Amino acid sequence: MNPKVTGCIVTYNNMKSIKKTIDTVLEFTNPDDFRLYVVDNGSSDGTPEFIRENYPEVCLIETNTNNGFGSGHNIVLPMLTSQYHIVINPDIVIKDEAINNIVEFMDNNPEIGVVSPKICFPDGREQILGKRNPHLKYLVASRLRKEKDGEVSKLLKEYAMLDCDLSEVTDIENTTGCFIVFRTEIFKALKGFDSKYFMYFEDADIARRARKITRVVYYPHATIYHVWERESKRNFKLMLVHIKSMFRYFFKWKTI
137 MNPKVTGCIV TYNNMKSIKK TIDTVLEFTN PDDFRLYVVD NGSSDGTPEF
187 IRENYPEVCL IETNTNNGFG SGHNIVLPML TSQYHIVINP DIVIKDEAIN
237 NIVEFMDNNP EIGVVSPKIC FPDGREQILG KRNPHLKYLV ASRLRKEKDG
287 EVSKLLKEYA MLDCDLSEVT DIENTTGCFI VFRTEIFKAL KGFDSKYFMY
337 FEDADIARRA RKITRVVYYP HATIYHVWER ESKRNFKLML VHIKSMFRYF
387 FKWKTI
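Counting from 137, one number per residue, gives the positions in the sequence shown under the working numbering.
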């Protein structure tokens, strides 16, 4: 029987977080209506072996090479027969019926094709994430933010649409790639992510493309918990990947 909802996690050496992610996703979904795919991009830390041994219900796909976030998620496109498909980071935690809540909301609102829920740190603090299209001024403000002082600059408030009332469903320009719910037909119509982005900005790109054919909304009535270590801020190689993707995005959309 075809599941109503599918989810996909792309992993690369994520042993430290993958167990909690899979456990909580499976805990709060119905096995009769949900199928989870894990695409492993050539991990060397034992991730695929761990999943194979402990989660026979998970559809494990091993690429044996790291072609990036978007390419990993696109692998499952031909396999999807679900009504809804969820892009899930390997450092996500589900604590309640958030997935079912979003699915019910989309059932009742067929004009909405993409949903981005409220994203919080595990301790409950809300993450300040972009909801408007990326611009250089926003990205500089994000890079310069101080994590410990709790202050949010005017530019970051604008980028995260904190200058708007986000207490109800709101149309947005930019999704957060750690957790996105698509109508599967929309995900397929978009042909998934633009694989030219190895990592970073593919979420902003797909949201921008999606808005041409459907509504993309922020849904504050479901909360997903995200560890979000912001590795590109500390890892020089990832910082370069981030910068490369940024320029690819700006060149593609002719904006800065």
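All C-beta atoms, glycine included, are put in the ideal place defined by N, C-alpha and C.
All of these numbers come straight from a predicted model, not from anything done at the bench.
Pick helix, strand or coil for residue i, following the three-state DSSP scheme.
| i | result |
| --- | --- |
| residue 179 | coil |
| residue 170 | strand |
| residue 159 | helix |
| residue 192 | coil |
| residue 221 | strand |
| residue 328 | coil |
| residue 377 | helix |
| residue 288 | coil |
| residue 304 | coil |
| residue 392 | coil |
| residue 77 | Residue coverage of the chain in this structure runs from 137 to 392, which leaves residue 77 outside it and unanswerable. |
| residue 187 | helix |
Identify, in the order they occur along the chain, each residue of the same chain with its Cβ nearer than 7 Å to the Cβ of residue i, setting aside the five sequence neighbours on each side.
| i | result |
| --- | --- |
| residue 357 | 237 |
| residue 346 | 249, 250, 322, 326 and 352 |
| residue 202 | 148, 177 and 178 |
Give me the DSSP bridge partner(s) of residue i.
| i | result |
| --- | --- |
| residue 361 | 229 and 256 |
| residue 251 | 317 and 353 |
| residue 312 | Note: residue 312 sits in no beta bridge, so no partner. |
| residue 262 | 256 |
| residue 198 | 176 |
| residue 208 | Residue 208 is not bridged to any residue. |
Counting only the same chain and skipping the five closest in sequence on each side, list residues whose C-beta sits under 8 Å from that of residue i.
| i | result |
| --- | --- |
| residue 213 | 323, 324, 327 and 328 |
| residue 256 | 262, 263, 359, 360, 361 and 362 |
| residue 197 | 173, 174, 175, 176, 211 and 212 |
Taking the beta carbon of residue i as the centre, do at least 16 other beta carbons fall within 10 Å, making it buried, or is it exposed?
| i | result |
| --- | --- |
| residue 383 | exposed |
| residue 371 | exposed |
| residue 240 | exposed |
| residue 190 | exposed |
| residue 157 | buried |
Residues in its own chain within less than 6 Å of residue i by CB, not counting five upstream and five downstream?
| i | result |
| --- | --- |
| residue 144 | 173, 209 and 212 |
Using 8 Å as the Cβ pair cut-off and three pairs as the minimum, do the segment 271-279 and the segment 314-327 touch?
Touching, no, given that fewer than three Cβ pairs across the two stretches are closer than 8 Å.
Spell out a yes or no on whether the segment 249-265 and the segment 160-170 are touching, meaning 3 or more CB-CB pairs, one atom from each, closer than 8 Å.
The segment 249-265 is not in contact with the segment 160-170.
Touch test, the segment 301-317 against the segment 185-203, Cβ-Cβ under 8 Å, three pairs minimum
no
Just checking, does the segment 155-164 make contact with the segment 218-238 on the three C-beta pairs under 8 Å criterion?
Taking a contact to require three or more Cβ pairs closer than 8 Å, the segment 155-164 and the segment 218-238 qualify as touching.
Three or more C-beta pairs closer than 8 Å, one from the segment 331-346 and one from the segment 292-301: is that the case here?
no
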